[in-house]
Structure formats: C-alpha cells, structure tokens
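In this text, residue positions in the sequence shown follow this note's numbering: the first is -14, and each later residue adds one.
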Amino acid sequence: MFKINENYLKLPGSYLFSNIAKKVAAFSEANPDKEIIRLGIGDVTQPLAPAIIDSLHRAVDEMGSAETFRGYAPDLGYEFLRSAIAKNDYAERGCDISADEIFVSDGAKCDSGNIQEIFSVDNKIAVCDPVYPVYVDTNVMAGRTGIYDTGTETWSNVIYMPCTAENDFVPELPEETPGIIYLCFPNNPTGTTITKEQLQAWVDYANKEGAVIIFDAAYEAYIMEESVPHSIYECEGARTCAIELRSFSKNAGFTGTRLGFTVVPKDLKCGDVMLHSLWARRHGTKYNGAPYIIQRAGEAVYSEEGKAQLKEQVAYYMKNAAVIYEGLKDAGYDVFGGVNAPYIWLKTPDKMTSWEFFDYLLEKANVVGTPGSGFGPSGEGYFRLTAFGSYENTAAAVERIKRL
Ligand code: MLT
C-alpha cells in the first residue's frame, strides 16, 4: 500500500482564505438580499493599466505568427524582463543585484511556498506572529514543524516572534537561533513597516548567526515614506544572507494574470554551495517559465507610461486606505498600518475575539474582513481590512461600520 505525506494531516482545517470564502458563501445563500462588501482577501479590483493591456495585445499577436511565436520560456525568465527588473527595482535604488540573480515565476505565493524546498528539514524556522499563513503551512507540509497545539494555536519547533501594538509590530531578535527567518515588510497582515536601521539589525544578526532571511517585499510599491526600505538589499551585507520575494500582483494588478520573481544573490552560500544553483536547479526541473505574453505584460510595468499609470493605481488604493484608517479612527477604533501598505489592522472592540468580530461585521454591516487570529495567536483581538476594493465600496463599508 502506498503511503501519503502524513505532514498534511497535521494541518488544521483549510487554508484561511478558503475558510472565509465558505463562511461568506453560506451567509450570502441564507441572506440573498444583502449586499456584501468584501474587504477580506487582498485581491485587487482595478483593471490592468492600459500600457500593460497594449503590451499583452502585441504579445498575443506575436504568438499568432510563425516568425514571432514562442514556445517554452527560458527557465529563469526572459532577459528583457530580468534586465528591466534589475535596472528599475534594484540599480535605481542603489542595490547590487544583477539580472542573472533574478528568477521570474508565476507569483510570490508559489515562490514563498516553494523556496523552503532547497533547505534541510532540520532547519528551525522563525516567523512573525501574526504572519502570512503560507510560510508556516508549507513548512508543515515539508515536515519542518512539530505538532499543532490547539490551545496555544502554535506549532512546536517553530520560533514565533510576536508583533503587536506593544512592540510597534517590529519583531525582536529571537533568543534561540533559527536557520530560516521569514520577514515581510511592508507587512501582511498588519500593514506596518520596518526602518532601514531595524532591517539592518536583522541582516547583521543573520550574517553573524549563519541564518538565511526570506524577505517578502510584495507590498513595496505602497511605501510612501522615504525612511522605509523597499528592498532588503538596501542593507549592507544582505547579499550573503537574504533571498527576496517580489510580486506583480499588488503593484500592477496581476493577481489573475500571475507574475512574480525571486532574487537569490550568488554570494548567498552554505559552505561552498550557492543557493542560487539550488534554486536554478529546482526552477529548471519543476517549472517551465511564466508565459511569454505575461512576461511582456510585466515588462510594460517598467515603461514610462506603465510607471505613471501604476503610480495612479497605487494612489487610488492608498486613498481607500486613508478612508478606512481615518473613518475607523473617528469611530473610536485603534487603527494601525494603512500608511505604507494597503492593509489596515484594527483592534476589535469590546474584547471581542477576531472571529466574533468577523461574524458581527458580516451580520450587522455585511462587510467581510479577515480575523487577525487567522494569521497567528498574536493576531487575536485584531482584524484586517484591505484597501483593494473599489473606492465606492470602501467608503460604503466604512459608513456601515461607523453606524454600528
Ligand atoms: C492576503 O490577503 O493576505 C493575500 O493577498 C493573499 C495572497 O497574496 O496570497
């Protein structure tokens, strides 16, 4: 008889956002007359920018002619896109990252789940608490965690670094040394950020202890304040300890189009072994590359036209963030995030648990958000709203919450 990967059986229930979708579907079926506003999952609502659509159309036409047709994409991504990324996202910010250290993929969710494969199962991981659930769940699947304690809602063999209002949502260096450290800034779910000095302390720590940092910068386009780093490679020494994950979903609306990339510097080594070689081997073996037309669409993100259009799109969502932030503050809520990120993190009122507040908002205001405890035990008593809705829906949702 074959055997299954029993690590999967350790996972409780279903993925957070699948759970929420099921609850909302049940409510909607029971209350067909209610108009639900969804500010739960961080999915964008604005259409792709015109420069991206033009580029897609041109690429689709190329696929219809034998002279310009493309089959399998190069494993690591087309040169035109990797060069555009290296120039715009890194060289122009003073970061030393070359095009051949960039691996184009179909998104940061997959990369953040897959990257753990190149590390031994013997590594202990450290995660912020609350945290994007993919980092933890994929390590559970790989067998890198112990068992789940339903009382504390934590896994054994995982280092949790609480990020709450008490420490300004900045994790402290752990007492026990991890092998792999996951950091995400601007943060999902709290919408808060880290200063360059604080990030530098993490880079110094990782280099000193021989740990690797997996830095998720999916939300960097939402940074409005000068002091906030866009990339971990702005820190000295990051080339020897950090992998960076980036997405086109949030900065350019590619949640349904799928495109992202991972940076693995060639200086990042375990003994003599370059992690770059391992990730290249993995990519070449398991992946046939993001589609040509999508990579051409990604290239348009870096055109002058594309940049101008996307700046407007980010501003649109950040206006929503301000509406939520200010509206809830006026209504007496304790609110965080929303200044350099499209997420607003609020304290639930009247000592309600995160899920109690979820049910209350859904029933009384017909607004969907995400319960903070779904991101980890330190998220209990908090709640996340996203700024990715339409302006009209966002303003209406805030009015409904204010009226409660
Ligand atoms: C979220 O809502 O936390 C994220 O948008 C989900 C994702 O990016 O996979």
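Here a beta-carbon is modelled for each residue, glycine too, at the ideal position from N, C-alpha and C.
Limits of the unbroken beta strand (DSSP E) element including residue i
i, result
"T175", "Here T175 belongs to no beta strand (DSSP E), and DSSP marks it neither H nor E."
"V320", "320 to 322"
"G245", "245 to 248"
"A227", "227 to 232"
"Y167", "165 to 169"
"F239", "Here F239 belongs to no beta strand (DSSP E), and DSSP marks it neither H nor E."
Cα-Cα separation between residue i and residue j, rounded to whole angstroms
i, j, result
"I144", "Y167", "10 Å"
"K19", "E348", "9 Å"
"C169", "E205", "10 Å"
"D114", "R281", "37 Å"
"E284", "I103", "28 Å"
"D85", "C95", "20 Å"
"Y328", "A51", "45 Å"
"T130", "P35", "45 Å"
"E64", "F342", "48 Å"
"G238", "P32", "7 Å"
"Y(-7)", "E290", "46 Å"
"E157", "D60", "38 Å"
"I132", "A111", "16 Å"
"V29", "K336", "31 Å"
Top-ranked residue by Cα proximity to residue i, from the options
i, options, result
"K235", "Y218, A202, T180", "A202"
"G361", "V119, Q31, V89, F12", "V119"
"K109", "E77, T135, N142, D85", "N142"
"T333", "K314, N325, G195", "K314"
"R231", "L370, Y75, R266", "Y75"
"F246", "A223, W140, Y272, L253", "Y272"
"G366", "A381, F373, D319", "D319"
"H268", "F(-13), P(-3), S90", "S90"
"S339", "Y345, L331, P356", "P356"
"K8", "G364, S363, D344", "D344"
Expected contact under 8 Å - CB spacing of residue i and residue j to nearest Å
i, j, result
"I386", "V353", "In fact, because the Cβ distance is near 12 Å, the residues do not count as touching under 8 Å."
"Y287", "A69", "4 Å"
"V213", "T178", "5 Å"
"N(-10)", "M126", "7 Å"
"F233", "I217", "With 8 Å as the limit, F233 and I217 do not qualify as a contact, their Cβ atoms being about 19 Å apart."
"G374", "N325", "Actually they are not in contact, since the Cβ atoms of G374 and N325 sit about 19 Å apart, beyond 8 Å."
Endpoints, alpha helix (DSSP H) assigned at residue i
i, result
"C220", "Looking at the DSSP string, C220 is not in any alpha helix (DSSP H), and its letter there is neither H nor E."
"F401", "Only positions -14 to 389 of the chain appear in the structure, and residue 401 is not among them; the question remains open."
"G312", "289 to 315"
"R43", "35 to 48"
"N378", "376 to 388"
"V29", "Looking at the DSSP string, V29 is not in any alpha helix (DSSP H), and its letter there is neither H nor E."
"N(-6)", "Rather than Asn, the amino acid found at residue -6 in this sequence is Leu. That run of the alpha helix (DSSP H) goes -8 to -5."
"L66", "64 to 70"
Identified DSSP bridge partners for residue i
i, result
"A111", "I144, I166"
"Y133", "W140"
"D259", "Strictly speaking, residue 259 in this sequence is Met, with Asp absent from that position. Bridge partners of M259: K254."
"I198", "I166, A227"
"I329", "G322, L370"
"I100", "DSSP output for I100 lists no bridge partner at all."
"V353", "R23"
"V89", "F246"
Min CB distance residue i to chain D below 7 Å
i, result
"E47", "Checking the listed chains, one finds no chain D in this structure; it contains a single protein chain."
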